[in-house]
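Residue numbers (the working numbering): 222 to 351.
The structure is reproduced here in structure tokens:
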């Protein structure tokens with residue numbers, strides 16, 4: 222094999238090898254949806270716990286983009302209503318059970334409050350930007 226052919230072969234192997242490498246990701250406070258489309262911004266995921274009249278978290282600030290998927294995962298021991306004060310407005314019925322998932326997006330930039338009506342608690346505010 223000539224030197225030129227060997228260099229060409231090594232370049233091709235290196236090029237294909239680089240394209241086959243996997244990536245490893247860890248867990249964090251936010252995650253992306255499995256149904257996320259290419260080019261779509263990562264989604265905001267918030268875990269909420271309602272236990273014995275106490276809500277976790279409360280009065281938290283988050284960031285999101287217009288149209289970005291947002292997901293609230295709720296574990297609750299009581300009935301309530303999760304209300305998202307946005308355009309469009311979103312209301313979700315919270316039941317006394319584990320593993321409830323509520324998904325939405327916000328179409329207009331601004332501050333969006335997320336509240337639990339029966340417990341009269343503000344879970345947090347999402348600053349939605351273009």
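The beta-carbon is built from N, C-alpha and C at its ideal position, and this holds for glycine as well.
Nearest CA to the CA of residue i: which residue from the options?
| i | options | result |
| --- | --- | --- |
| residue 321 | 333, 302, 284 | 302 |
| residue 331 | 294, 288, 344, 339 | 288 |
| residue 326 | 271, 290, 276, 351 | 290 |
| residue 311 | 298, 297, 292 | 292 |
| residue 299 | 341, 329, 274 | 274 |
| residue 340 | 309, 294, 266, 271 | 271 |
| residue 346 | 269, 305, 316, 314 | 305 |
| residue 318 | 284, 309, 297 | 297 |
| residue 278 | 266, 285, 351 | 266 |
| residue 335 | 350, 313, 264 | 313 |
| residue 348 | 264, 316, 286, 268 | 286 |
If you run the structure through DSSP and keep just helix, strand and coil, what is residue i?
| i | result |
| --- | --- |
| residue 248 | Unreliable placement is indicated for residue 248, whose pLDDT of 29 sits below 50; no coordinate value is reported for it. |
| residue 326 | coil |
Is it the case that the Cβ atoms of residue i and residue j are separated by a distance below 8 Å?
| i | j | result |
| --- | --- | --- |
| residue 379 | residue 281 | No answer is possible for residue 379: it lies beyond the span of the chain, which begins at 222 and ends at 351. |
| residue 342 | residue 276 | yes |
| residue 337 | residue 344 | yes |
For a cutoff of 8 Å on Cβ pairs, would you count residue i as touching chain C?
| i | result |
| --- | --- |
| residue 271 | Given the protein chain composition of this structure (a single chain), no chain C is represented. |
Would you give the residue range spanned by the beta strand (DSSP E) that residue i belongs to?
| i | result |
| --- | --- |
| residue 302 | 301 to 306 |
| residue 343 | 342 to 350 |
| residue 311 | 311 to 315 |
| residue 335 | 331 to 337 |
| residue 319 | Premise fails: residue 319 is in no beta strand (DSSP E) and is neither H nor E. |
| residue 266 | 265 to 272 |
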